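This report concerns only the one structure given below.
Numbering (our numbering), first residue to last: 139 to 655.
Take a look at the structure:
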């Protein structure tokens, strides 16, 4: 079978549930590269073969015939097509060719262009007075006289030059040059750009604003006037920002998702790699001590510590039940969630600052009558600070500080990433520890003055300053949510200051040629 899947505007989050099921089950995926690369990466298993639709030829009948052949060879072929998959598409012609070859097909519609343009620009094409919509594909062979449909919403789409030609044709049809229009490209992505204009000025503005290769959508009709009021997408606080995340992929994935909800693109650059300790004897004894009841507490100071101990348990054929009778502490929310994923409910999580200092503040004093064992195991990294050890010792506990894993500097990122960091293409960088500062500077170079530097705590900020960076954002609490909130507040202040001064609000990367520290 060949399934034609309307992929929506290109954002993986807008693929239908049925679409994700098909992509997961496909024996072969045919897509427009690189247009649908994000969707393929998100929903297609790594082992599934992929083919670029450009290899199928230009004619719809040829593509359909080849799709049928691929279906006979592979099984279920999913052909990804833009937007709803039907409007302004050759899907039906390809499907007819597939049917003529004796192969079944299915058409699964996606989010359409009109709905996307209306939703993501805040410019409705229908209102309580406008009850019809006219769709026009711009191009030399597709000119449609819309002069008789003035009380109608219009959606016109095409390449930049085709839209410019269509504007000339519309003026020739007698449309008022002052008719308002809204022009957009890269809909639903963080690269989306929308500009308001009029028929008379739109052609020149289109060429000035959009790349020659851009697919431009133009809306005109009464709803265009609501764009300023209903624009929710491009007005998000971090819209268009590129944010550097010096963390591992596992640690940074949630941050990427949180940033995307605010309009930003997060790029993960691992700065550390996790390795076993050089001598495993200490950790082997610690695991044995946990099983034998030699410890009253075990304190986890990071997600990596949880992962390391869990791997040690697996190596010994143990599971979370081996912690029965041992009280468990977690330094913060992510560490607590990592424990819960393992089946362990932490007994102590700081109520205040999520840090070693916060953990010490909430840790109970040892009472020899209540706490006869009195030993605490801290399985940590080889570069951990002494705040927790000293604090617990002062509270009367016998602390066993054991190296569960080593952190080493990761390999340098690819050359394009290094060049982007040094050039100031990233608007901000989120530092979550002193080691991320040192290692990023070591493997990729120091971000320039234009890049906003955000740090999770005072120690990290001090390290950043020691490395010649000026800290713009300091999180109120030592957690990622607070760090991102601080960046949002900074961005909002920048925008307000620029508008108050009569300047266009630019992202940090856009103003890098004028900012100095």
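Every residue, glycine too, gets a C-beta built ideally from N, C-alpha and C. Since we're looking at a predicted model, the values are computed, not measured.
Three-state secondary structure assigned by DSSP to residue i
i	result
residue 500	helix
residue 354	strand
residue 493	coil
residue 392	helix
residue 602	helix
residue 535	coil
residue 222	coil
residue 268	coil
residue 654	Legend: pLDDT at residue 654 = 37, less than 50; position of this residue unreliable, value from coordinates given subsequently. Note: residue 654 maps to coil in three-state DSSP.
residue 313	coil
residue 371	coil
residue 426	helix
residue 196	coil
residue 507	coil
residue 212	helix
residue 623	helix
residue 468	strand
residue 298	helix
residue 165	coil
residue 609	coil
residue 478	helix
residue 335	strand
residue 202	helix
residue 644	coil
residue 188	strand
residue 597	helix
residue 249	coil
residue 258	helix
C-beta atoms of residue i and residue j nearer than 8 Å
i	j	result
residue 160	residue 246	yes
residue 323	residue 492	no
residue 439	residue 516	yes
residue 317	residue 337	yes
residue 223	residue 263	no
residue 142	residue 217	yes
residue 498	residue 526	yes
residue 407	residue 551	yes
residue 409	residue 380	no
residue 325	residue 254	yes
residue 512	residue 487	no
residue 294	residue 271	no
residue 442	residue 519	yes
residue 215	residue 229	no
residue 547	residue 595	no
residue 534	residue 503	yes
residue 367	residue 490	no
residue 426	residue 540	no
residue 168	residue 185	no
Residue i versus residue j: straight-line alpha-carbon distance, rounded
i	j	result
residue 414	residue 633	46 Å
residue 198	residue 566	45 Å
residue 149	residue 591	28 Å
residue 608	residue 556	20 Å
residue 647	residue 559	11 Å
residue 437	residue 605	31 Å
residue 395	residue 623	14 Å
residue 629	residue 297	33 Å
residue 431	residue 465	11 Å
residue 139	residue 231	16 Å
residue 164	residue 157	10 Å
residue 531	residue 468	18 Å
residue 352	residue 210	36 Å
residue 588	residue 377	17 Å
residue 496	residue 473	14 Å
residue 350	residue 299	7 Å
residue 654	residue 387	Residue placement at residue 654 cannot be trusted, given a pLDDT of 37 that sits under 50; the coordinates are not used to answer.
residue 599	residue 196	56 Å
residue 174	residue 201	18 Å
residue 153	residue 529	51 Å
residue 481	residue 460	11 Å
residue 312	residue 305	11 Å
residue 458	residue 452	10 Å
According to DSSP, residues forming a beta bridge with residue i
i	result
residue 399	Partner(s): none; residue 399 has no beta bridge.
residue 148	In DSSP, residue 148 forms no bridge with anything.
residue 456	Paired residue(s): none; residue 456 is not in a bridge.
residue 544	413
residue 446	Paired residue(s): none; residue 446 is not in a bridge.
residue 405	382
Distance between beta carbons of residue j and residue i, contact taken as under 8 Å
i	j	result
residue 356	residue 301	6 Å
residue 618	residue 570	7 Å
residue 343	residue 332	Contact flag wrong, Cβ pair sits at about 12 Å.
Distance cut-off 7 Å: residue i Cβ against heavy atoms of the ligand SAM
i	result
residue 336	Here there are no bound small molecules, and the ligand SAM is not part of this structure.
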